[in-house]
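> For the protein sequence lines, the chains are A and B, in the order given.
To convert, count from 1 in the first sequence and add 55; that's my numbering.
To convert, count from 1 in the second sequence and add 55; that's my numbering.
For every residue, glycine included, the Cβ atom is placed at its ideal position computed from N, Cα and C.
Protein chains: 2
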Amino acid sequence: MLDAPVAVDAMGGDHAPQALVEGALLARSDGIPVCLVGDAEILGSMLPPSGPPVIAARGVVGMGESPVAAVRRSDDLSVRVALREVRVGRACAAVSCGHTGALLVAAVFDLGTVEGVERPAIATVLPRADGGRLILLDAGANIDCKPELLVSFARLGVDYARVLGVASPRVGLLSNGEEDGKGNAVVRATLPLLQATGLDVVGNVEPTAAMSGGCEVLVTDGFVGNVLIKAAEGAVQTAVHLLREEIQRSRASMFGAWLLRGAIERFRVRIAWDAHGGGVLLGTRGTVVVGHGRANPEAVRQAIHLAHSTAGGQPAGGETT
Amino acid sequence: MLDAPVAVDAMGGDHAPQALVEGALLARSDGIPVCLVGDAEILGSMLPPSGPPVIAARGVVGMGESPVAAVRRSDDLSVRVALREVRVGRACAAVSCGHTGALLVAAVFDLGTVEGVERPAIATVLPRADGGRLILLDAGANIDCKPELLVSFARLGVDYARVLGVASPRVGLLSNGEEDGKGNAVVRATLPLLQATGLDVVGNVEPTAAMSGGCEVLVTDGFVGNVLIKAAEGAVQTAVHLLREEIQRSRASMFGAWLLRGAIERFRVRIAWDAHGGGVLLGTRGTVVVGHGRANPEAVRQAIHLAHSTAGGQPAGGETT
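1) Compare the Cα-Cα distances from Leu333 (chain A) to each of A:Gly277, A:Ser308, A:Ile177 and A:Trp313 and report the closest residue.
2) In terms of DSSP beta bridges, what is Asp64 (chain B) paired with?
3) Rounded to a whole number of angstroms, what is the C-alpha to C-alpha distance between Gly269 (chain A) and Val260 (chain A)?
4) Return yes when the Cβ of Gly156 (chain A) is within less than 8 angstroms of the Cβ of Asn281 (chain A), no when it is not.
5) Taking the alpha-carbon of Glu288 (chain A) as reference, which of A:Val126, A:Leu181, A:Ala362 and A:Ala82 has the nearest alpha-carbon?
6) Could you tell me the boundaries of the beta strand (DSSP E) in which Ala176 (chain B) lies?
7) Extract the residue ranges of the beta strand (DSSP E) inside the segment 196-269 of chain A, only unbroken runs of 3 or more that lie entirely within it.
8) Any beta carbon from chain B within less than 8 angstroms of Thr339 (chain A)'s own beta carbon?
9) Spatial neighbours of Ala184 (chain B) within its chain, please: C-beta separation below 7 angstroms, excluding the five flanking residues on both sides.
10) Return the chain-ordered list of same chain residues with a C-beta closer than 6 angstroms to the C-beta of Ala149 (chain B), the five sequence neighbours on each side being excluded.
11) Any beta-carbon of chain B closer than 8 angstroms to the one on Leu314 (chain A)?
12) With 9 angstroms as the limit, tell me which residues of the segment 267-293 of chain A have their beta carbon closer than that to any beta carbon of chain B; keep them in chain order.
13) Whose C-beta lies closer than 6 angstroms to the C-beta of Pro122 (chain A) among residues of the same chain, with five residues either side of it excluded?
14) Excluding the five sequence neighbours on either side, which residues of its own chain have a C-beta within less than 8 angstroms of the C-beta of Ala330 (chain B), listed in chain order?
15) Going by C-alpha distance, which of B:Leu337, B:Ala362 and B:Ser364 is nearest Leu191 (chain B)?
16) Which residues does DSSP pair with Ala287 (chain B) in a beta bridge?
17) Can you tell which of B:Ile326, B:Ala290 and B:Leu298 has the C-alpha that lies nearest to the C-alpha of Glu300 (chain A)?
18) Starting from the C-beta of Pro224 (chain A), find all residues in its chain whose C-beta is less than 6 angstroms away, skip the five residues before and the five after it, and write them out in chain order.
19) If you measure between the beta carbons of Leu91 (chain A) and Ala65 (chain A), is that distance less than 8 angstroms?
20) What is the DSSP secondary structure of Leu315 (chain A), counted as helix, strand or coil?
21) Kindly say whether Leu297 (chain B), judged by its beta-carbon, lies nearer than 8 angstroms to any beta-carbon of chain A.
22) Helix, strand or coil: which one does DSSP assign to Val295 (chain B)?
23) Can you name, in chain order, every residue of its own chain whose Cβ lies under 8 angstroms from the Cβ of Gly144 (chain B), other than the five neighbours on each side?
24) Under the DSSP definition of a beta bridge, which residues are partnered with Val109 (chain B)?
25) For Val34 (chain A) and Ala362 (chain B), I'd like the C-alpha separation in whole angstroms.
26) Please tell me whether Ala366 (chain A) and Cys147 (chain A) are closer than 8 angstroms, where the distance is taken between their beta carbons.
27) For Met101 (chain B), which residues from the same chain have a beta carbon less than 6 angstroms from its beta carbon, with the 5 sequence-adjacent residues on both sides left out?
28) If you reduce the DSSP assignment to three classes, tell me which class Ser100 (chain A) lands in.
29) Tell me whether Ser121 (chain A) sits in a helix, a strand or coil according to DSSP, three-state version.
30) Could you give the DSSP three-state label for Ser129 (chain B): helix, strand or coil?
31) Anything in chain A within Cβ reach of Ser305 (chain B), meaning under 8 angstroms, just list it in chain order.
32) Whose C-beta lies closer than 7 angstroms to the C-beta of Val206 (chain A) among residues of the same chain, with five residues either side of it excluded?
33) For the beta strand (DSSP E) holding Val274 (chain A), just list the boundary residues, first then last.
34) So is Asp199 (chain A) in contact with chain B if we call contact Cβ pairs under 8 angstroms?
35) Do Asp276 (chain A) and Gly258 (chain A) come within 8 angstroms of each other at the CB atom, strictly closer than that value?
36) Measuring only between beta-carbons, confirm whether Leu229 (chain B) sits less than 8 angstroms from chain A.
Quick look at the structure:
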């Protein structure tokens, strides 16, 4: 177990600070050390006497603010203070559910990038039908990407896959068809560069094939990657909603669903669409987890688990997913 | 009921001609008149004596062929002959599961576009959680799109929504966030143009919001649209697969699932991820349905139903979805 806590930006996110504080307390009850970064007075009034430590920070990034302007405006923003706790080694990782753009700029500014990395990317792990894991990047950090940037994402993704225990990660380039020559202009320009890297590149991969086990690392730009994740999430939510409506039409099927409750619970943990803690920022010097802006306490708890395990920790108790 | 049959390109698709012939016979048994276009000898040997008429065509487009080169090579390609049946009014609609690019070029060449339409788009209807329908376009016809082209898709989508019975269709621009200024370069350039059309534009829409009822028409380029559909499909397939695995771990949950079989069957019809017949080509002079390359006989049957109903027909029997 790591001694240094996970620094939680308590002021960022649609439901801040309430959801952040509650999620941090949940993660702490799982055995993960945390500290909360933000307005000392507000946070102090929300925490029990034996609560986690608070690191004072005065500023907050507004959701409409330009990322660069926000970071330039103040070095006392909660997100920047949380990142600096990581830089000086007082925290093992940082979690923020606030303005993603500002988090990225602050991460490059306050933590710096790993050698050879031009821009960090967000990696998100999706479940695959064969039980494996699919690392998708970029999940939303870099919206318009040049081919060279996509190639750097492939390298980041392969390194991350190895950290997660995949011995020989296969890299796929997200496309609308498998054949060489498929894809938009950026994809068509990227494939030959990717094939020249020496990585195990399987070529263009469609989302369906990737999710059924075609590769471990799926590379795309942050716009398409973000749309893909939200489409997958929306489709499963829609399917669950429509299935529930049909089940509620008869008592027999409601009883059937009751018999399935254990299987459904295990399924929810495996698919974890609504529980997963967001993405890991790859390419910066230090572990940073980018949570969902809409994160509820449970999602915050998962983001803290993700940050802690990515930084190399094991929870003292509780269950990670 | 329309008198003119649906012309089915029997030679296009991964499982042609077998799946096309079987699917056409299924649709015919539902009361939809069909004719099969392709190699007269092969098709003749596969059909019963009282089978549907065959329109002879010699050429087939290879999956690796350049669309323009293929269409230029011969006017006797099965897809072109099927489209010309529509043009001369001997068929009410055409269905092809072959090379999408060649189908598009042939449709523009052999049918022509509606006045004011630069390039046709493929529209696909997705289920929404609120029970409504989401018309997504472009689903794969135009890979790299300029803002003006996306605006033309919005107009095509609104017209199609009205055909489907939506009185006041709301248009969303697919993006990675709701705020103005979100999106990639093309999206950011498109939003103001879209807002100036006079259409009911709700602005940038994320996939999750669109699928839960945020708009009726969702506009994007053919690359992102195709990826979105395949991501949604892959996510639901993955979810179903993982849930099934969990259900099979206990007898009680298997009994529970058995009690749910009626609800699951109704759910499958509503969500129809694996049954839907592909997309409708919008903007050409005549009804064309673009089926999946991997279509099995059931998917071909659905594509023929879709073509027939889009052309204004009612099946004499059977059930449309």
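The short version:
1) Position 278 of the first sequence holds residue 333 (chain A). As written in the sequence, residue 333 (chain A) is Gly, which differs from the Leu given in the question. Gly333 (chain A) has its Cα closest to that of A:Ile177, out of A:Gly277, A:Ser308, A:Ile177 and A:Trp313.
2) What you label residue 64 (chain B) is simply residue 9 of the second sequence in a count that begins at 1. According to DSSP, Asp64 (chain B) bridges with B:Val92.
3) The count along the first sequence starts at 1 and reaches residue 269 (chain A) at position 214. The count along the first sequence starts at 1 and reaches residue 260 (chain A) at position 205. In a straight line, the C-alpha of Gly269 (chain A) is about 7 angstroms away from that of Val260 (chain A).
4) As a position in the first sequence, residue 281 (chain A) is number 226, starting the count at 1. As a position in the first sequence, residue 156 (chain A) is number 101, starting the count at 1. No, they are not a contact pair.
5) If you number the first sequence from 1, residue 288 (chain A) lands on position 233. The shortest C-alpha separation from Glu288 (chain A) is found at A:Leu181.
6) Walking along the second sequence from the start, residue 176 (chain B) turns up at place 121. Ala176 to Pro182 is the span of the beta strand (DSSP E), which, as asked, contains Ala176 (chain B).
7) 226-229 and 256-260
8) Position 284 of the first sequence, counted from the start, is the residue given in the question as residue 339 (chain A). Not one chain B Cβ lies under 8 angstroms of Thr339 (chain A).
9) Within the second sequence, numbered from 1, the residue matching residue 184 (chain B) stands at position 129. Excluding sequence neighbours, Ala184 (chain B) sits near Met266, Ser267 and Gly268.
10) Taking the second sequence and counting its residues from 1, one reaches residue 149 (chain B) at position 94. Within the same chain, Ala149 (chain B) has close Cβ partners Ala62, Ala137, Leu138, Val141 and Val343.
11) The sequence position of residue 314 (chain A) within the first sequence is 259, counting from 1. Chain B, which has a Cβ nearer than 8 angstroms to the Cβ of Leu314 (chain A), makes this yes.
12) Ser267, Thr275, Asp276, Gly277, Phe278, Val279, Gly280, Asn281, Val282, Leu283, Ile284, Lys285, Ala286, Ala287, Glu288, Gly289, Ala290, Val291, Gln292 and Thr293
13) Residue mapping note: residue 122 (chain A) aligns to position 67 of the first sequence, counting from 1. Correct list, in chain order: Gly156, Ala157 and Val160.
14) Taking the first residue of the second sequence as 1, we reach residue 330 (chain B) at position 275. Note that Ala330 (chain B) has pLDDT 49, beneath the 50 cutoff, so the model's placement of it is unreliable and no number is given.
15) Taking the first residue of the second sequence as position 1, residue 191 (chain B) is located at position 136. Looking at the Cα atoms, B:Leu337 is the closest of the given residues.
16) The count along the second sequence starts at 1 and reaches residue 287 (chain B) at position 232. Partner(s): none; Ala287 (chain B) has no beta bridge.
17) Start at 1 with the first residue of the first sequence, and residue 300 (chain A) comes out as number 245. Nearest of B:Ile326, B:Ala290 and B:Leu298 to Glu300 (chain A), Cα basis: B:Ile326.
18) Stepping through the first sequence from its first residue, residue 224 (chain A) is reached at position 169. Val213, Ala216, Glu271 and Val272, listed in sequence order.
19) The count along the first sequence starts at 1 and reaches residue 91 (chain A) at position 36. The count along the first sequence starts at 1 and reaches residue 65 (chain A) at position 10. Against a cut-off of 8 angstroms, the Cβ pair of Ala65 (chain A) and Leu91 (chain A) comes out as a contact.
20) Along the first sequence, read from residue 1 onward, the residue named residue 315 (chain A) stands at position 260. Here Leu315 (chain A) sits in coil by DSSP.
21) What you label residue 297 (chain B) is simply residue 242 of the second sequence in a count that begins at 1. Yes, Leu297 (chain B) lies at the interface with chain A (some Cβ there is under 8 angstroms from its Cβ).
22) Taking the first residue of the second sequence as 1, we reach residue 295 (chain B) at position 240. In this structure, Val295 (chain B) counts as helix in the three-state DSSP scheme.
23) Numbered from 1 along the second sequence, position 89 holds the residue referred to as residue 144 (chain B). So the qualifying residues of the chain are Ala59.
24) What you label residue 109 (chain B) is simply residue 54 of the second sequence in a count that begins at 1. Per DSSP, B:Leu91.
25) The first residue shown for chain A is 56 and the last is 376, placing residue 34 (chain A) beyond what the model contains.
26) As a position in the first sequence, residue 366 (chain A) is number 311, starting the count at 1. As a position in the first sequence, residue 147 (chain A) is number 92, starting the count at 1. Yes, they are a contact pair.
27) Residue numbering aside, residue 101 (chain B) sits at position 46 when the second sequence is read from its first letter. Taken in chain order, the residues that qualify are Val76.
28) As a working note, residue 100 (chain A) is residue 45 in the first sequence. Three-state DSSP puts Ser100 (chain A) in a helix.
29) If you number the first sequence from 1, residue 121 (chain A) lands on position 66. It is coil, neither helix nor strand.
30) Here residue 129 (chain B) refers to the residue found at position 74 when the second sequence is read from its first residue. Three-state DSSP puts Ser129 (chain B) in coil, outside helix and strand.
31) Within the second sequence, numbered from 1, the residue matching residue 305 (chain B) stands at position 250. Within 8 angstroms Cβ-Cβ: Gly317 and Ala318.
32) If you number the first sequence from 1, residue 206 (chain A) lands on position 151. Thr245, Leu248, Leu249 and Thr252.
33) The count along the first sequence starts at 1 and reaches residue 274 (chain A) at position 219. Start and end: Val272 to Val274.
34) As a working note, residue 199 (chain A) is residue 144 in the first sequence. Answer yes: the Cβ-Cβ gap between Asp199 (chain A) and chain B drops below 8 angstroms somewhere.
35) The residue given as residue 258 (chain A) occupies position 203 in the first sequence. The residue given as residue 276 (chain A) occupies position 221 in the first sequence. Against a cut-off of 8 angstroms, the Cβ pair of Asp276 (chain A) and Gly258 (chain A) comes out as no contact.
36) Walking along the second sequence from the start, residue 229 (chain B) turns up at place 174. It does; some Cβ of chain A falls within 8 angstroms.
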